[in-house]
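S.K.: Can you keep this structure in mind? I'll have questions shortly.
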Amino acid sequence: MTFGSELTGREIAIVDANAAALGVTRKQLMESAGNAAAGVIRDVADADDRIEIVAGRGNNGGDALVAARFLGAYDCRVTLLGDPDDIGTDIARENWDALERSTVETRTIGDSTAFDLSDPDVIVDAMLGTGISGALREPVATAAGAINEADATVVSLDVPSGLDASTAALADGAVRPDRVVTFHKPKPGLSELGVPVDVADIGVPPGAEYFVERGDLLRLSRPADSHKGDFGEVLVIGGGPYTGAPALAAQSALRSGADLVRVAVPAAIADEVQGYSEDLIVRPFDGTQLTEPAVDPLLDLAADHDSVVLGPGLGAGEATLSAVEAFLADFEGTAVVDADALRVVPDVETEATLICTPHRGEFERMGGQDAADWETRAENVAELAAELGMTLLVKGPADIISDGKSTRVSRTGNPGMTVGGTGDVLAGVTGALAATLDPHPAASLGAYVTGRAGDLVVEERGYGLVASDLLDRVPTAMWDEQP
Ligand SMILES: NC(=O)C1=CN([C@@H]2O[C@H](COP(=O)(O)OP(=O)(O)OC[C@H]3O[C@@H](n4cnc5c(N)ncnc54)[C@H](O)[C@@H]3O)[C@@H](O)[C@H]2O)[C@H](O)CC1
Ligand SMILES: [K+]
1 MTFGSELTGR EIAIVDANAA ALGVTRKQLM ESAGNAAAGV IRDVADADDR IEIVAGRGNN
61 GGDALVAARF LGAYDCRVTL LGDPDDIGTD IARENWDALE RSTVETRTIG DSTAFDLSDP
121 DVIVDAMLGT GISGALREPV ATAAGAINEA DATVVSLDVP SGLDASTAAL ADGAVRPDRV
181 VTFHKPKPGL SELGVPVDVA DIGVPPGAEY FVERGDLLRL SRPADSHKGD FGEVLVIGGG
241 PYTGAPALAA QSALRSGADL VRVAVPAAIA DEVQGYSEDL IVRPFDGTQL TEPAVDPLLD
301 LAADHDSVVL GPGLGAGEAT LSAVEAFLAD FEGTAVVDAD ALRVVPDVET EATLICTPHR
361 GEFERMGGQD AADWETRAEN VAELAAELGM TLLVKGPADI ISDGKSTRVS RTGNPGMTVG
421 GTGDVLAGVT GALAATLDPH PAASLGAYVT GRAGDLVVEE RGYGLVASDL LDRVPTAMWD
481 EQP
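Its first residue numbered 1, the sequence shown is counted upward by one per residue in full-length UniProt numbering.
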């Protein structure tokens with residue numbers, strides 16, 4: 001199981017874009033959707049029935065325009081609500097143009113409230129699908145009223161026009177169908193309608209939900225009216241034997257869009273860490289490494305942040321590991337745990353929400369069972385995640401992300417990324433994403449984006465990358481492929 005058994009509007013958009021990334025275009029899916037819809041309509045219509053197809057300007061309408069082609073043997077009329085010049089998508093427009101050149105009877109009704117039906121036996125409702133926003137507007141509102149009053153069998157495509165598939169809310173005046181044919185997976189709200197729902201397979205490639213692909217980038221947004229703080233504050237706790245690791249993690253969190261990143265390191269190395277970049281806000285704690293006296297002040301500091309990245313460069317000293325344990329024992333927020341800090345995780349009692357980012361060796365040390373093929377490894381990752389009650393991101397040629405319920409695989413990245421420091425980047429990116437997203441999507445996107453940043457470096461100049469090369473590719477990896 002990857003996504004849930006019902007898909008929300010956002011998830012549908014992600015699956016759709018991931019299907020395209022896997023080589024199956026939305027036009028292909030639309031063709032299958034229209035074909036499947038025609039099958040259901042044949043099921044409800046007698047041979048001499050009159051069929052009225054009411055199509056909106058979006059892809060829901062597009063599905064019906066395809067269906068009309070498959071229903072050529074029927075007495076069928078297609079009404080497009082709106083001006084053909086306003087058809088919202090290229091693929092719906094191409095299907096409209098194809099119908100116009102055919103013998104299928106078509107008409108358009110502009111943005112008015114004039115709407116009539118030709119006494120049909122069957123009405124196909126394809127005005128609005130998952131693209132609905134807000135209350136029904138004209139001319140859809142009037143058409144929905146007329147459809148509801150007609151003495152005909154009403155078949156809705158995907159969802160009844162007026163059902164919001166993200167919230168399961170029914171708009172006032174929504175179409176009340178006798179039957180629904182929905183595509184790929186059920187949508188929230190359909191089962192409560194009390195009418196038969198056919199779920200049609202439209203050829204979404206297996207893997208569009210399982211693999212993290214560029215459709216997942218749709219979870220990122222930077223609305224025009226954003227305010228400082230909307231994208232979270234991240235605290236990186238690290239350093240001691242190493243200085244570069246916490247700096248890399250913190251800079252990666254900044255490049256991933258966090259509004260503010262503070263990096264807490266031992267006072268002895270604070271200047272050196274600051275020296276890596278003037279963008280860093282360094283918060284020193286006493287000593288040369290993390291030890292118990294620093295824990296309480298760090299817990300206070302962490303409480304003011306949306307997420308914590310715990311581990312980069314801390315080392316595996318005994319005193320440090322017991323401080324890490326003490327921190328996690330009292331921490332209740334969200335933490336990305338990486339590197340040596342992972343050593344305490346299997347045994348620690350914590351209320352915190354954890355995202356752990358082990359490589360395969362660390363995964364085994366945590367109690368997981370590695371496997372040569374990633375399918376088996378994915379099952380084992382899911383098992384350990386369920387047992388530990390946390391999200392695991394197990395790094396490897398294919399990164400595996402699981403919280404025990406949902407398991408996904410990210411295939412970005414390349415052999416150039418086996419160098420030191422790339423894990424610190426991943427932890428920082430994931431920490432920033434976890435400041436605003438749920439742990440599983442944050443970890444999934446963290447893996448995808450970091451791997452893609454590495455791919456961009458290698459595309460540009462081949463192997464020989466160093467971790468800091470990834471930093472300025474992270475924003476590109478996040479934003480340039482937005483579907
Ligand atoms: N993977 C899949 O499941 C596939 C689904 N397909 C079909 O595509 C629709 C969703 O299409 P989309 O273009 O995103 O949106 P809609 O057609 O639902 O609507 C957009 C259209 O409607 C106008 N609008 C929005 N809200 C309102 C409102 N409240 N009142 C009036 N008008 C409104 C908006 O302005 C746009 O013009 C999905 O349901 C499936 O049927 C693909 O065909 C195959 C893949
Ligand atoms: K519909």
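Heads up, the beta-carbon is just placed ideally off N, CA and C, and yes, glycines get one too.
(1) Closer than 7 Å by C-beta to residue 28: which residues in its own chain qualify, once you throw out the five before and the five after it? Chain order, please.
(2) Do you know offhand how far residue 81's Cα is from residue 99's?
(3) Using the three-state DSSP reduction, which class does residue 103 fall into: helix, strand or coil?
(4) Would residue 251 be called buried (16 or more neighbouring beta carbons within 10 Å of its own) or exposed?
(5) Taking a contact to mean a Cβ-Cβ separation below 7 Å, would you say residue 113 touches residue 138 in this structure?
(6) Among 282, 257, 173, 345, which residue has its Cα nearest to the Cα of residue 436?
(7) Do residue 257 and ligand 1 come close, with the Cβ less than 6 Å from some heavy atom?
(8) Are residue 382 and residue 410 close, meaning C-beta to C-beta below 7 Å?
(9) Any idea which residues DSSP pairs residue 236 with across the strands?
(10) Can you tell me which of 304, 32, 324 puts its alpha carbon nearest to the alpha carbon of residue 183?
(11) Between which two residues does the beta strand (DSSP E) containing residue 147 stretch?
(12) Less than 7 Å between the C-beta atoms of residue 153 and residue 115, yes or no?
(13) Consult DSSP for residue 136 and reduce its assignment to one of helix, strand or coil.
(14) How should residue 418 be labelled, buried or exposed, when 16 other C-beta atoms within 10 angstroms of its C-beta is the threshold for buried?
(15) Give the DSSP bridge partners of residue 169, in chain order.
(16) Please tell me whether, using a cut-off of 6 Å, the distance from the CB of residue 133 to the nearest non-hydrogen atom of ligand 2 is below it.
(17) Report the three-state DSSP secondary structure of residue 410 (helix, strand or coil).
(18) Considering only the beta carbon of each residue, do residue 391 and residue 451 sit closer than 7 Å?
(19) Say yes only if the C-beta of residue 198 is nearer than 6 Å to one or more non-hydrogen atoms of ligand 2, and no if none qualify.
(20) Would a C-beta distance cut-off of 7 Å place residue 49 and residue 121 closer than the cut-off?
(21) Quick one: what's got a C-beta closer than 7 Å to residue 322's C-beta in the same chain, skipping five residues either side?
(22) With residue 76 and residue 109 assumed to form a contact (beta carbons below 8 Å), what rounded beta-carbon distance in angstroms separates them?
(23) If residue 487 sits next to residue 385, beta carbons under 8 Å apart, how far is it from one beta carbon to the other, in whole angstroms?
(24) Could you have a look at residue 440 and say whether DSSP puts it in helix, strand or coil?
(25) Considering Cα atoms alone, identify which of 159, 296, 317 is closest to residue 288.
(26) Classify residue 73 as buried or exposed, calling it buried when 16 or more other Cβ atoms lie within 10 Å of its own Cβ.
(27) Quick check: does the Cβ of residue 56 come within less than 6 Å of any heavy atom belonging to ligand 1?
(28) Tell me whether the beta-carbon of residue 325 lies closer than 7 Å to the beta-carbon of residue 344.
(29) Is residue 80 helix, strand or coil when you go by DSSP?
(30) To the nearest angstrom, how far is the alpha carbon of residue 233 from that of residue 477?
(31) Check whether the Cβ of residue 215 sits closer than 6 Å to any heavy atom of ligand 1, and report yes or no.
(32) Reducing DSSP to helix, strand and coil, say where residue 399 ends up.
(33) Determine which residues share a DSSP beta bridge with residue 126 and list them.
(34) Over what stretch of residues does the alpha helix (DSSP H) that includes residue 331 continue unbroken?
(35) Nearest CA to the CA of residue 422: which residue from 470, 255, 389?
(36) Applying the criterion that 16 or more other CB atoms from any shown protein chain within 10 Å of the CB defines a buried residue, is residue 226 buried or exposed?
M.R.: So, from the listed chains and residues:
(1) Position 28 of the sequence shown, counting from 1, holds the residue named residue 28. Around residue 28: 203.
(2) Indexing the sequence shown from 1 puts residue 81 at position 81. Indexing the sequence shown from 1 puts residue 99 at position 99. Distance between the alpha carbons of residue 81 and residue 99: 15 Å.
(3) The residue you call residue 103 lines up with position 103 of the sequence shown. If DSSP states are grouped into helix, strand and coil, residue 103 belongs with coil.
(4) Residue mapping note: residue 251 aligns to position 251 of the sequence shown, counting from 1. Per the 10 Å Cβ criterion, buried.
(5) Walking along the sequence shown from the start, residue 113 turns up at place 113. Walking along the sequence shown from the start, residue 138 turns up at place 138. Yes. Within cutoff.
(6) Working through the sequence shown from its first residue, we reach residue 436 at position 436. Comparing Cα-Cα distances from residue 436 to each of 282, 257, 173, 345, the minimum goes to 257.
(7) Translated into positions along the sequence shown, residue 257 becomes position 257. Not under cutoff, so the answer is no.
(8) In the sequence shown, counting from the first residue as 1, residue 382 sits at position 382. In the sequence shown, counting from the first residue as 1, residue 410 sits at position 410. Not in contact: residue 382 and residue 410 (Cβ atoms no closer than 7 Å).
(9) For the purposes of this step, residue 236 is identified with residue 236 of the sequence shown, where counting begins at 1. Answer by DSSP bridge pairing, in chain order: 263, 309.
(10) By 1-based counting over the sequence shown, the position of residue 183 is 183. Closest option to residue 183, Cα to Cα, is 32.
(11) Numbered from 1 along the sequence shown, position 147 holds the residue referred to as residue 147. Looking at the DSSP string, residue 147 is not in any beta strand (DSSP E); the run it does join, the alpha helix (DSSP H), is 140 to 149.
(12) Sequence index remark: in the sequence shown, residue 153 carries index 153 (1-based). Sequence index remark: in the sequence shown, residue 115 carries index 115 (1-based). Going by C-beta atoms, residue 153 is not nearer than 7 Å to residue 115.
(13) Sequence index remark: in the sequence shown, residue 136 carries index 136 (1-based). Residue state, collapsed to three classes: coil.
(14) Mapped onto the sequence shown, residue 418 falls at position 418. Burial call: exposed.
(15) Locating residue 169 in the sequence shown gives position 169, where the first residue counts as 1. Paired residue(s): 164.
(16) On the sequence shown, residue 133 is found 133 positions in, with the first residue counted as 1. It does not: the Cβ of residue 133 is nowhere closer than 6 Å to a heavy atom of ligand 2.
(17) Translated into the one-based positions of the sequence shown, residue 410 becomes position 410. It is a strand residue.
(18) Taking the sequence shown and counting its residues from 1, the one referred to as residue 391 is at position 391. Taking the sequence shown and counting its residues from 1, the one referred to as residue 451 is at position 451. Result no, Cβ atoms of residue 391 and residue 451 do not sit closer than 7 Å.
(19) Working through the sequence shown from its first residue, we reach residue 198 at position 198. No, the Cβ of residue 198 stays beyond 6 Å of every heavy atom of ligand 2.
(20) The sequence position of residue 49 within the sequence shown is 49, counting from 1. The sequence position of residue 121 within the sequence shown is 121, counting from 1. Yes. Within cutoff.
(21) Residue numbering aside, residue 322 sits at position 322 when the sequence shown is read from its first letter. Excluding sequence neighbours, residue 322 sits near 292.
(22) Counting from 1 along the sequence shown, the entry for residue 76 is found at position 76. Counting from 1 along the sequence shown, the entry for residue 109 is found at position 109. Their Cβ separation, rounded to whole angstroms, is 17 Å, which puts residue 76 and residue 109 out of contact at 8 Å.
(23) Nothing can be reported for residue 487, as the shown portion of the chain is limited to 1 through 483.
(24) Along the sequence shown, read from residue 1 onward, the residue named residue 440 stands at position 440. In the structure shown, residue 440 sits in a helix (DSSP, three-state: H, G or I).
(25) Position 288 of the sequence shown, counted from the start, is the residue given in the question as residue 288. Answer by Cα proximity: 317.
(26) Counting from one through the sequence shown, the residue named residue 73 turns up at place 73. So residue 73 ends up on the exposed side.
(27) For the purposes of this step, residue 56 is taken as residue 56 along the sequence shown, with counting starting at 1. Answer for residue 56: yes, Cβ within range of ligand 1.
(28) Working through the sequence shown from its first residue, we reach residue 325 at position 325. Working through the sequence shown from its first residue, we reach residue 344 at position 344. For residue 325 and residue 344, yes; Cβs fall inside 7 Å.
(29) Locating residue 80 in the sequence shown gives position 80, where the first residue counts as 1. Residue state, collapsed to three classes: strand.
(30) Within the sequence shown, the letter at position 233 stands for residue 233. Within the sequence shown, the letter at position 477 stands for residue 477. Between residue 233 and residue 477, the C-alpha separation is close to 21 Å.
(31) Reading the sequence shown from its first residue, position 215 is the one you call residue 215. Because no heavy atom of ligand 1 lies under 6 Å away, the Cβ of residue 215 does not count as near it: no.
(32) Locating residue 399 in the sequence shown gives position 399, counting from the first residue. Residue 399 falls in the strand class under three-state DSSP.
(33) Taking the sequence shown and counting its residues from 1, the one referred to as residue 126 is at position 126. Answer is 55, bridged to residue 126.
(34) Numbered from its first residue, the sequence shown carries residue 331 at position 331. Careful: residue 331 lies outside any alpha helix (DSSP H) and carries neither H nor E.
(35) One-based indexing of the sequence shown puts residue 422 at position 422. Ranking 470, 255, 389 by Cα distance to residue 422 puts 470 first.
(36) The residue labelled residue 226 in the question sits at position 226 within the sequence shown. The residue is exposed, with fewer than 16 neighbouring Cβ atoms inside 10 Å.
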